[in-house]
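Residue numbers (my numbering): 875 to 1512.
Okay, so here's the structure we're looking at.
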Amino acid sequence: MLQSYQGTASAITTLDSSTSNSDIQFPPKPDWHKLIRSGNRLFVGSGVSVPNALIDDLIDNRNGFHDLQILHGHTLAPNRWVNREFDQLFSVNTFYIGNDEVRAAVAEGRADYTPSKHSEMSNLFSTDDLPLDAALLMVSPPDEYGYCSLGTSVDINLSAAKKARHVIVQINPLMPRTNGYSHLHISEFAACIEAEQALPEYEQEIVGDEHDRIGQYLASLVDNGATLQIGFGAAPRSALKYLGNHKDLGIHSGILIDDMVDLFKSGVINNRRKTFHPGKILTTACYGSQKLYNFVDGNPHVEFYPCGYIESASNIARNDNMTSINNALQVDLGGQVVSDSVGYYFYSGIGGKVDFINGAAMSNGGKPIIALKSTANNGRVSRIVPHITEGAGIVNTRGNVHYVVTEYGIASLKGKSIRERALELIRIAHPAFRKELLREVRKNFWVPDYQKAVPMEIPEYGRRQVKDFKIGNSTFKLRPLNPSDERHLQSFFYSLTRESLRLRYSSVPSQMTREKSCTLVSVDQTKDVALCIVKERHPEIDIEAVGRFYKIDADNSCEVAFVTREDFQGKGMAKTLLKEMIFIAKERGLSKIRAHVLAENKPMLKVFQKNGFKRTLSDDIHEVQMVLNLQEEEQSQS
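Structure, rendered in structure tokens:
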């Protein structure tokens, strides 16, 4: 019998030696005083693969040891080494702060945090920067050839095993055997213990209503055939809920989570169109429930590799249409991203985020995306900020991120000036903070002095301000105009022919200045309404049609007007915009809708007539006034 284990790790039992492969020569149980000495640096396995039985065995034999440095990444398990009672035994240094125990120790100065990209860990271990005296890991039982699998966490564990002077392992029969570059031969181990330990289940953050809306916006950015990376957090994960109708998605991600399993089983994720390791899900680790651990166990469709391979920006970029979705704690109005600290308070780590964002940016058709709720602390704090909080670290620079998504929409940053970025990000900030953000950003002239209005939602549209519709095989989006559309409206104006301008304005204006464009897109949508129909060419958009109404307080009515790009005239865009205007006007209790149309503009007159408008007398013989009496219409319908 192996020595019985009595420790703190959950579900630990003693294994009989008869369960071991009799043809394999097992290393001895650790004689800690022969393997390590005081002051040594020990790496502890990360993820859900923390070798708790091994750690407890070291603690039980700690006499004579002091100042052992524990080095680790994201750990999901009881972290006894950070307990105050072991301050003289262990000093702790983490690459990633993944739980409250370690977070508190770092905040109190009892542990250190070393910011580093996962892809560079191997170099840290192989040089004199952070050489390892021992690596303490959890592995599966050996196969008939003597190879053990690192299972759920290959990430930086394999790199540590390859560089450490001694590899000491806990052999756990509950550890899944995963495929890929995830195996170590038992002859490479200096010592081992056999102890059964249930893998901890990662409790995913609850996806709330705001995350639901974020997920819908994220899903709209994911193209069929894209390869996905999903980072930690409810905001990135929310995208997976809305990908059920997508096709031929692939996975190249630092982590796998439960939500991916159902998409794989339904055929949405099939990796068929991946251009790097086609046909395979690639990852470094998995965090989830037993359902996920069962899924990866021996699964030939899933391969685990070290972070240095999976999270290499050049390898990530070898996937066409690489779509990287990660979270953040704060984004400033220039597009800088904070994700490892809240001011001076260290919260998590860099991990693979920088490389995935950069790799996606380099990918053919790639999309680097940051997703976050617009507020924190129960809505009291905006996470879109005019400037980074003192002490916070910038993980992604202004030039890295192409999209930022909140529950209020998608901010497109690629190729945008500082002024355009600020307006885009204010648009997706929580409405309660938009005026303050605009006021702060104007102090440094990031936006011009004539930009005074903040983006506003149309109340009647509710929480999602974008409506999708099709014309033929093309998909368009109908949404409110907003201040960040200033340049788009200019481009739309200059794309129109003289004839289209004359029919719209009864004259031919020659210029659309930035100031004039700003006025036209800065609308109080609770009183007047300005809508546009756009075609997205990520990250850019084209405005194809604009419709607006102006409220007339004197008789509680409004006047509408439209203009459509020539290519789409006669294809239903004006009709679509008019129906939206009628809906909003009715919801607001307006009495009637008016329109003044040149008598020669037969197509537009036809649109109004088909929607119930009637001709009335006009002061101008060249114009026809069309009127829809909303009160009469409601009475006839009732």
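Glycine is no exception: its CB is placed at the ideal position from the N, C-alpha and C atoms.
**Prompt:** Do residue 1020 and residue 898 have their C-beta atoms within less than 8 Å of each other?
**Reply:** yes
**Message:** Which runs of the beta strand (DSSP E) at least 3 residues long sit entirely within the segment 997-1032? Give them in chain order.
**Reply:** 1008-1013, 1021-1023
**Prompt:** Are the beta-carbon atoms of residue 1334 and residue 1458 separated by less than 8 Å?
**Reply:** yes
**Asked** Based on the DSSP output, what are the partners of residue 1392 in its beta bridges?
**Response** According to DSSP, which records beta bridges pairwise, residue 1392 is partnered with nothing at all.
**Message:** Here's the rule I'm using: 16 or more other beta-carbon atoms within 10 Å means buried, otherwise exposed. How should residue 962 be labelled?
**Reply:** exposed
**Prompt:** Along the chain, which unbroken stretches of the beta strand (DSSP E) at least 3 residues long are found entirely within the segment 1312-1360?
**Reply:** 1341-1345, 1348-1354
**Asked** If you run the structure through DSSP and keep just helix, strand and coil, what is residue 877?
**Response** Legend: pLDDT at residue 877 = 33, less than 50; position of this residue unreliable, no value from coordinates given.
**Request:** Jot down the residue ranges of each uninterrupted alpha helix (DSSP H) in the segment 1402-1434, minimum 4 residues, whole runs only, in chain order.
**Result:** none
**Coil, strand or helix - residue 884 by DSSP** = Model confidence at residue 884 stands at a pLDDT of 40, short of 50, so the residue's coordinates are unreliable; what they give is reported in the following sentence. It is coil, neither helix nor strand.
**Request:** Just confirm the distance between the C-beta atoms of residue 1022 and residue 1014, as a whole number of angstroms; I'd bet it's less than 8 Å.
**Result:** 5 Å
**Request:** Give me the Cα-Cα distance between residue 1412 and residue 1339, rounded to the nearest whole angstrom.
**Result:** 18 Å
**Prompt:** Do you know how far the Cα of residue 1016 is from the Cα of residue 1059?
**Reply:** 8 Å
**Prompt:** In the DSSP assignment, what residue or residues form a beta bridge with residue 1242?
**Reply:** 1198
**Request:** In angstroms with no decimal places, state the Cα-to-Cα distance between residue 1258 and residue 1378.
**Result:** 38 Å
**Prompt:** Hey, residue 1287 and residue 1209 are a contact pair by Cβ (cut 8 Å); roughly how many whole angstroms apart?
**Reply:** 5 Å
**Message:** Spatial neighbours of residue 892 within its chain, please: C-beta separation below 7 Å, excluding the five flanking residues on both sides.
**Reply:** In this prediction, residue 892 has a pLDDT of 43, which is less than 50 and means its spatial position is unreliable; nothing more can be read from the coordinates.
**Message:** Can you find the residues in the same chain that come closer than 6 Å, C-beta to C-beta, to residue 1478, ignoring five residues on each side of it along the sequence?
**Reply:** 1471
**Item:** Buried/exposed call for residue 1382, threshold 16 Cβ in 10 Å
**Value:** exposed
**Prompt:** Any contact of the segment 1234-1253 with the segment 1182-1198, i.e. 3+ C-beta pairs under 8 Å?
**Reply:** yes
**Request:** Verify whether the separation of the beta carbon atoms of residue 1225 and residue 946 is less than 8 Å.
**Result:** no
**Prompt:** Do residue 1301 and residue 1356 have their CB atoms nearer than 8 Å?
**Reply:** yes
**Entirely enclosed beta strand (DSSP E) segments - the segment 1093-1118, minimum 3 residues** = 1101-1104
**Item:** In chain order, each beta strand (DSSP E) run of at least 3 residues that lies wholly inside the segment 1055-1098
**Value:** 1057-1059, 1065-1070
**Asked** With 16 as the cutoff for other CB atoms within 10 Å, does residue 1360 come out buried or exposed?
**Response** buried
**Request:** Under 8 Å by Cβ, that's how I've got residue 1438 and residue 1419 pegged, so tell me the actual separation to the nearest angstrom.
**Result:** 4 Å
**Asked** For residue 1304, does the count of other Cβ atoms within 10 angstroms reach 16, so buried, or fall short, so exposed?
**Response** buried
**Request:** Measure how close the beta-carbons of residue 910 and residue 1009 come, nearest whole angstrom, since I'm counting them as under 8 Å.
**Result:** At roughly 11 Å, the Cβ-Cβ gap does not stay under 8 Å, so residue 910 and residue 1009 are not in contact.
**As assigned by DSSP and simplified to three states, the class of residue 1203** = coil
**Collapsed DSSP secondary structure at residue 939 in the structure displayed** = coil
**Request:** Quick one: using the 10 Å Cβ neighbour count with 16 as the cut-off for buried, is residue 1091 buried or exposed?
**Result:** buried
**Request:** Helix, strand or coil for residue 1445, going by three-state DSSP, please let me know.
**Result:** coil
**Request:** Check residue 1182 in the structure and name its three-state DSSP category.
**Result:** helix
**Prompt:** Whose C-beta lies closer than 8 Å to the C-beta of residue 1038 among residues of the same chain, with five residues either side of it excluded?
**Reply:** 917, 999, 1006, 1007, 1008, 1009
**Request:** Provide the residue span of the beta strand (DSSP E) that contains residue 1503, from first to last.
**Result:** 1497-1503
**Prompt:** Along the chain, where does the beta strand (DSSP E) that runs through residue 1040 open and close?
**Reply:** 1040-1045
**Item:** residue 1077 classed as buried or exposed, judged by whether at least 16 other C-beta atoms fall within 10 angstroms
**Value:** exposed
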